[in-house]
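Enquirer:
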Amino acid sequence: MTCKTSLAISVAAFLSAAAPCAGAEQKYGPGVTDTEIKIGQTMPYSGPVSAARVIGESEVAYFKMINQHGGINGRRVTLISLDDAYSPSKTLEQTRRLVEQDGVLAIFGSFGTPTNAAIQRYLNSNHVPQLFIQAGASRWNDPSHFPWTIPFVNLLRSEAKVYGQYILTSSPRARVAILYQNDDFGRDYLEGMREKLGSDAAHAIVATAAYEASDPTIDSQILTLHASGADTLLIAASPKFAAQAIRKLSEIDWHPTRFLAEVSASVTAVLAPAGLDNSTGVMTTTSFKSVGDPQWATNPDYLAWLAFMQKYYSNGNTRDAFAFTGYSNATLFAEVLRRCGDDLTRENLMAVATHLQGVYLPALLPGITVNTTPDDYDPIKQMRLQRFDGRKWQLLPGVFEE
């Protein structure tokens, strides 16, 4: 099967199921007309985590593709994607513009923990969906306090527990050091590791070091952690600082067992800049297919993504995992819009998004699906460990579920 054929089948299958129920009553919220659905997001197109801009670019390209094939239920989807430079104050400013001036139906897929935290209360108090955000802090799965916010990626605390379980099983006497970003993003890793290690945490975790997202480097933190005598290191860092950490470890000839935050597992954005040889042996979790992995070379969903990249995001890099993540997140949001039919209110959007069962996405590993309920917004609960072999990620045996 060629890439072109895969793309045609993928889009055709989506559109064949996209017709609204005949005679259904039309109910529209802000940003919706008979011909358009307007949504918005912020992305770090500049600033310290600009590597993640690829997520937004691929999502914009995905909806361009959908629109060229007739839209969703006959409506084109307009995704307004604005730069927030990973600055919480800028995120709030841009989000207010999207809601109050552009009149979007929902905020979709915005990136970052501190940035999404800056807009969570505003969006919830105004009953604006904050859907499938690219941030994994445990605070995002809190339907009782923030019923309008749903995450997309694995929750960070659950991810850290997977690393903790591996340590307890494979190296119960490990001396653990943790580098973490000094916000909800980093602290969730710290607390998840402590929770999983339980009564052993007090003596197993021998050192921690925090950094600020505005810091130029984390060299001093790595030197501090090295001095602790740790033989295991959790790098709970965003892409820029994760690359710095891996490179610095090599420079000082420190070779602990290394766990890397999943958000920083991109070969092109993190491991290559850090040095592929330096990155060999690093472990992370995933629920997603690894781009460039030969085992997916004939997978129809993977071929459809490659065809999408070639036609709609030709300046993107098919070795960049962020491009596959953005594409998959966009397919999920498009599916929710499709299921809404002609009831495109904010309330119905949330009702559909919180009742997803067994939804398969093209980037997910076989057997892993999206599931949400009104009491549990965490969409992806299963993870696998993988290790970098110097060229690509290799899946390790076993599935972890939190």
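Read in order, the letters of the sequence shown are residues 3 to 404 in my numbering. Note that the Cβ used here is the ideal one computed from N, Cα and C, for glycine as well.
#1: Starting from residue 385, follow its DSSP beta bridges and name the residues at the other end.
#2: I believe residue 344 touches residue 27 by the beta-carbon criterion, under 8 Å. Please report the beta-carbon distance rounded to the nearest angstrom.
#3: For the beta strand (DSSP E) containing residue 395, list its first residue and its last residue.
#4: With residue 2 as the anchor, note down where its alpha helix (DSSP H) starts and where it stops.
#5: What distance in whole Å lies between the Cβ atoms of residue 364 and residue 316, which are believed to be in contact at a cut-off of 8 Å?
#6: Just to confirm before moving on: does the CB-CB distance between residue 33 and residue 40 stay below 8 Å?
#7: In the DSSP assignment, what are the bridge partners of residue 235?
#8: Based on the DSSP output, what are the partners of residue 132 in its beta bridges?
#9: State the Cα-Cα distance for the pair residue 354 and residue 194, rounded to the nearest angstrom.
#10: Out of curiosity, what's the CA-to-CA distance linking residue 185 and residue 90?
#11: Buried or exposed, going by whether 16 or more other CB atoms sit within 10 Å of the CB of residue 275?
#12: Give a yes or no on contact between the region 288 to 300 and the region 248 to 262, applying the rule of three or more CB pairs nearer than 8 Å.
#13: Please report the Cβ distance between residue 140 and residue 125, rounded to the nearest whole angstrom; I am assuming they are in contact, meaning their Cβ atoms lie under 8 Å.
#14: Counting Cβ pairs closer than 8 Å, one from the region 116 to 135 and one from the region 190 to 205, do we hit at least three?
#15: Classify residue 359 as buried or exposed, calling it buried when 16 or more other Cβ atoms lie within 10 Å of its own Cβ.
#16: Mapping the DSSP letters down to three states, classify residue 337 as helix, strand or coil.
#17: Give me, in chain order, the residues of the same chain whose beta-carbon lies closer than 8 Å to that of residue 268; leave out the 5 immediate sequence neighbours on both sides.
#18: Leaving out five residues before and five after residue 83 in sequence, what residues of the same chain have Cβ atoms less than 6 Å from its Cβ?
#19: Quick one: what does DSSP say residue 39 is sitting in, helix, strand or coil?
#20: Does residue 70 pass the burial test, meaning 16 or more other C-beta atoms within 10 Å, or should it be called exposed?
#21: Once you ignore the five residues that flank residue 397 on each side, which residues in its own chain have a CB closer than 7 Å to its CB?
#22: Inspect the beta-carbon positions of residue 155 and residue 136 and report whether they are closer than 8 Å.
Expert: Taking the definition as stated:
#1: Position 383 of the sequence shown, counted from the first residue, corresponds to residue 385. Beta-bridge pairing links residue 385 to 402.
#2: Working through the sequence shown from its first residue, we reach residue 344 at position 342. Working through the sequence shown from its first residue, we reach residue 27 at position 25. Confirmed, Cβ separation roughly 7 Å.
#3: Along the sequence shown, one-based indexing puts residue 395 at 393. Counting along the chain, the beta strand (DSSP E) containing residue 395 begins and ends at 395 to 397.
#4: Only positions 3 to 404 of the chain appear in the structure, and residue 2 is not among them; the question remains open.
#5: If you number the sequence shown from 1, residue 316 lands on position 314. If you number the sequence shown from 1, residue 364 lands on position 362. In fact, because the Cβ distance is near 19 Å, the residues do not count as touching under 8 Å.
#6: The count along the sequence shown starts at 1 and reaches residue 33 at position 31. The count along the sequence shown starts at 1 and reaches residue 40 at position 38. In this structure, residue 40 lies closer than 8 Å to residue 33 by Cβ.
#7: Within the sequence shown, numbered from 1, the residue matching residue 235 stands at position 233. Residue 235 is bridged to 179 and 260.
#8: Numbered from 1 along the sequence shown, position 130 holds the residue referred to as residue 132. Per DSSP, 109 and 151.
#9: Counted from its first residue, the sequence shown places residue 354 at position 352. Counted from its first residue, the sequence shown places residue 194 at position 192. Cα-Cα distance, rounded: 30 Å.
#10: Residue mapping note: residue 185 aligns to position 183 of the sequence shown, counting from 1. Residue mapping note: residue 90 aligns to position 88 of the sequence shown, counting from 1. In a straight line, the C-alpha of residue 185 is about 12 Å away from that of residue 90.
#11: If you number the sequence shown from 1, residue 275 lands on position 273. Buried: at least 16 other Cβ atoms inside 10 Å.
#12: no
#13: Translated into the one-based positions of the sequence shown, residue 140 becomes position 138. Translated into the one-based positions of the sequence shown, residue 125 becomes position 123. 18 Å between Cβ atoms; not a contact.
#14: no
#15: As a position in the sequence shown, residue 359 is number 357, starting the count at 1. Looking at its Cβ environment, which holds fewer than 16 other Cβ atoms inside 10 Å, residue 359 is exposed.
#16: Working through the sequence shown from its first residue, we reach residue 337 at position 335. For residue 337, the three-state secondary structure derived from DSSP is helix.
#17: Translated into positions along the sequence shown, residue 268 becomes position 266. Here the set comprises 53, 241, 322, 323 and 324.
#18: Taking the sequence shown and counting its residues from 1, the one referred to as residue 83 is at position 81. For residue 83, where only same-chain residues beyond five positions count, the Cβ hits under 6 Å are 43, 45, 58 and 62.
#19: Here residue 39 corresponds to residue number 37 of the sequence shown, with the count starting at 1. Strand, per DSSP.
#20: Locating residue 70 in the sequence shown gives position 68, where the first residue counts as 1. Answer is exposed; the Cβ neighbour count stays below 16.
#21: Position 395 of the sequence shown, counting from 1, holds the residue named residue 397. 386 and 388.
#22: Here residue 155 corresponds to residue number 153 of the sequence shown, with the count starting at 1. Here residue 136 corresponds to residue number 134 of the sequence shown, with the count starting at 1. Yes. Within cutoff.
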